[in-house]
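Residue 384, in the working numbering, is where the sequence shown stops; the numbers in between run on with no holes. For every residue, glycine included, the Cβ atom is placed at its ideal position computed from N, Cα and C.
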Amino acid sequence: MENKQKIIYLITKSEWGGAQKYIFNLATNLDKDKYDVLVLAGEGNDELFNRLKESEVDYIKLDSLKRAISLKQDFKAFNEIYKILKKEKPDVIHLNSSKISILGSLAAKRYNTFRRDKAKVIYTVHGWVFNEPLSPFKQRMYFYLEKWTSRFKDIIICVSELDKQIATAANIALEDKLVTIHNGIDLKNLKFLNTKLAKQILLQNIKRDGKFTIIGTIANLYKTKGLNSLIQAAGTLVKHNNNLLFIVIGEGPERKNLENLIKEYNLEKNFYLTGNIDKAYTLLKGFDIFVLPSVKEGWPYTILEALAAEVPIIATKVGGIPEIINDLSNGILIKPGSYKNIAYAIAEIIDNPVLKKDFKKNSLLSVSKYNLEDFLQQTYNIYK
Numbered sequence: 001m002e003n004k005q006k007i008i009y010l011i012t013k014s015e016w017g018g019a020q021k022y023i024f025n026l027a028t029n030l031d032k033d034k035y036d037v038l039v040l041a042g043e044g045n046d047e048l049f050n051r052l053k054e055s056e057v058d059y060i061k062l063d064s065l066k067r068a069i070s071l072k073q074d075f076k077a078f079n080e081i082y083k084i085l086k087k088e089k090p091d092v093i094h095l096n097s098s099k100i101s102i103l104g105s106l107a108a109k110r111y112n113t114f115r116r117d118k119a120k121v122i123y124t125v126h127g128w129v130f131n132e133p134l135s136p137f138k139q140r141m142y143f144y145l146e147k148w149t150s151r152f153k154d155i156i157i158c159v160s161e162l163d164k165q166i167a168t169a170a171n172i173a174l175e176d177k178l179v180t181i182h183n184g185i186d187l188k189n190l191k192f193l194n195t196k197l198a199k200q201i202l203l204q205n206i207k208r209d210g211k212f213t214i215i216g217t218i219a220n221l222y223k224t225k226g227l228n229s230l231i232q233a234a235g236t237l238v239k240h241n242n243n244l245l246f247i248v249i250g251e252g253p254e255r256k257n258l259e260n261l262i263k264e265y266n267l268e269k270n271f272y273l274t275g276n277i278d279k280a281y282t283l284l285k286g287f288d289i290f291v292l293p294s295v296k297e298g299w300p301y302t303i304l305e306a307l308a309a310e311v312p313i314i315a316t317k318v319g320g321i322p323e324i325i326n327d328l329s330n331g332i333l334i335k336p337g338s339y340k341n342i343a344y345a346i347a348e349i350i351d352n353p354v355l356k357k358d359f360k361k362n363s364l365l366s367v368s369k370y371n372l373e374d375f376l377q378q379t380y381n382i383y384k
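As structure tokens, this is what we get:
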């Protein structure tokens, strides 16, 4: 029997988001007779670990790894990662998230320095961090760090063509290191609750009953998700239609700021933050409209899932979204940061049932080309 290949996945946070789902899909679908898998992650609510445990995948929590920048803390994290690499002796090191892109590639470089059989170092870009709404100093810092550490990576996977184009144009990495592999979903096993039951559960979660038009999203509460614009759009729309409910499923550090904005716009009876809900995607048919107002994205699973649920979509022109959504064919594309555009698009879908019907007709066709099997096979081929 040939020796198993050892693969280590690294990511900064142990919460549950798109990048964590990406790792989960890869880690849990590998052939256990051929691969040993270990997942390393830092701070968070450990939801990633909970799911890995259920699937019998090994993991280690990196106590020193934090999202915030701190030279002292980051040096501790670097050493912690290096010691694990030295002990586990991986053949493939697969990095995810910008912080791990830097710390992980430096630790991998040190690990590989005195090894005859070098570990292959792979980095997946889930949207370039220097495109986030950061200070100019932080944007430049991340840009140069990504460019510098690219020399320590063998392959850089871009989840969208846009990310690859950005990397090529800015000379972040040699072009032969860059490859585009789109995320995929398991359409055959994606089960949604019917519209009536999903609406009922959503309303129970916010302690409301009655008939409403529900505009919703599933997102971690980060600045990059642009939820402040959705709140402002709600403030405009409910003045003319108080039968609208806005529901955001997810949790995160921006909760307090978003709650304050909801109060500022007097939306306590129209805009709700539910927190995390297990298997939130199953409730997608309960939304009359799905909105993703992000200012930065990679290749969002939630868009793919909303298409599979045949829910009308409004999304911003960021990251890989314009590669998934064809404006006025299977959704509406808007520029990021514009609450007026969000409000206008919501009103357009509500007032135009023909448009809604067209979106539904085109949804399944457009999402069918982004399947889990193709994504897994293309990624696993890189490990060889």
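Between the CA atoms of Val129 and Pro300 - distance to the nearest angstrom:
Approximately 15 Å between the Cα atoms of the pair.
Per the DSSP calculation, Asn371 is bridged to which residue(s)?
Beta-bridge analysis with DSSP links Asn371 to Ile185.
Return the bridge partner residues of Gln5 from the DSSP annotation.
As computed with DSSP, Gln5 is found in a beta bridge with Tyr35.
Contact the region 96-109 vs the region 117-134: 3+ CB pairs below 8 Å
These segments touch.
Expected contact under 8 Å - CB spacing of Ser14 and Gly44 to nearest Å
About 4 Å separates the beta carbon of Ser14 from that of Gly44, a gap short enough to meet the 8 Å contact definition.
Contact between the region 287-297 and the region 313-326: three or more CB pairs below 8 Å?
A contact exists between the region 287-297 and the region 313-326.
Contact check, Ala233 vs Tyr339, beta carbons under 8 Å:
Yes.
Have a look at Met1 and Pro90 and give me their C-alpha separation to the nearest angstrom.
Model confidence at Met1 stands at a pLDDT of 47, short of 50, so the residue's coordinates are unreliable and nothing is read from them.
For the 8 Å Cβ check, are there 3 or more pairs between the region 67-86 and the region 20-31?
For the pair of segments examined, the region 67-86 was found not to touch the region 20-31: the number of CB pairs separated by less than 8 Å stays below three.
Test item: CB-CB of Ile157 and Ala173 under 8 Å
Not closer than 8 Å, so no.
Are the beta-carbon atoms of Leu261 and Ile231 separated by less than 8 Å?
Taking C-beta atoms as the reference points, Leu261 and Ile231 count as a pair closer than 8 Å.
Any idea what DSSP makes of Leu237, helix, strand or coil?
When secondary structure is reduced to three states using DSSP, Leu237 falls in the helix class.
Is it true that the CB of Glu264 sits closer than 8 Å to the CB of Tyr222?
Against a cut-off of 8 Å, the Cβ pair of Glu264 and Tyr222 comes out as no contact.
Span of the alpha helix (DSSP H) holding Ile324?
Counted as a single uninterrupted DSSP element, the alpha helix (DSSP H) harbouring Ile324 occupies residues Ile321 to Ile324.
Who does Gly275 pair with in a DSSP beta bridge?
Looking at the DSSP assignment, Gly275 forms a beta bridge with Ile249 and Gly250.
Ala347 and Leu244 - do their beta-carbons sit closer together than 8 Å?
In this structure, Leu244 keeps its C-beta atom at 8 Å or more from the C-beta atom of Ala347.
Can you tell me the Cα-Cα spacing of Asp36 and Tyr82, whole angstroms?
When rounded, the distance between both Cα atoms is 18 Å.
Could you pull the start and end residues of the beta strand (DSSP E) that Asn96 belongs to?
Residues Val92 to Asn96.
I think Gly298 touches Gly127, with their Cβ atoms under 8 Å apart; what is that distance to the nearest whole Å?
Between the beta-carbon of Gly298 and that of Gly127 there is about 4 Å, and that keeps the pair under the 8 Å contact cut.
Could you tell me the distance, in whole angstroms, from the CA atom of Asn3 to the CA atom of Lys147?
One C-alpha to the other measures close to 35 Å.
Please list the terminal residues of the continuous alpha helix (DSSP H) segment that includes Asp58.
Under the DSSP assignment, Asp58 falls outside any alpha helix (DSSP H), being part of the beta strand (DSSP E) whose first and last residues are Asp58 to Lys61.
Check for me: the beta strand (DSSP E) holding Leu178 runs from which residue to which?
Annotation for Leu178: the continuous beta strand (DSSP E) segment containing it runs Leu178 to Thr180.
Chain-order list of residues whose beta-carbon lies under 8 Å from that of Thr195 (same chain, five-residue window excluded)
Hits under 8 Å: Lys285 and Gly286.
Closest Cα partner of Asn79 within the set Lys225, Ala108 and Phe49
Comparing Cα-Cα distances from Asn79 to each of Lys225, Ala108 and Phe49, the minimum goes to Ala108.
Can you tell me whether Phe24 is buried or exposed, with buried defined as 16 or more other CB within 10 angstroms of its CB?
The Cβ neighbour count for Phe24, taken over all protein chains shown within 10 Å, is at least 16; the residue is labelled buried.
Give the C-beta separation of Gly331 and Lys296 to the nearest angstrom, bearing in mind that I take them to be a contact with Cβ-Cβ under 8 Å.
That pair is no contact at about 19 Å.
Element boundaries [alpha helix (DSSP H), containing Tyr404]:
Here the chain has residues from 1 to 384 only, and residue 404 is not among them.
Rounded to whole angstroms, what's the CA-CA distance from Lys38 to Ile324? Just pull it up for me.
Residue identity differs from the one stated: residue 38 is Leu in this sequence, not Lys. Cα to Cα, the separation comes out at about 31 Å.
Measure the CB-CB distance between Val354 and Leu307 and report whether it falls below 8 Å.
Going by beta carbons, Val354 and Leu307 fall outside the 8 Å limit.
Buried or exposed for Asn266, going by 16 or more other Cβ atoms inside 10 Å?
When all chains shown are included, Asn266 counts as exposed.
Do Ile247 and Gly216 count as a contact pair if the criterion is CB distance below 8 Å?
Taking 8 Å as the Cβ cut-off, Gly216 and Ile247 qualify as a contacting pair.
Residues in its own chain within less than 7 Å of Ala19 by CB, not counting five upstream and five downstream?
Around Ala19: Ile11, Asn96, Ser97 and His126.
Phe49 - containing alpha helix (DSSP H), residue span:
Here the alpha helix (DSSP H) through Phe49 covers Glu47 to Glu54.
Over what stretch of residues does the alpha helix (DSSP H) that includes Ala343 continue unbroken?
Segment Tyr339 to Asp351, the alpha helix (DSSP H) holding Ala343.
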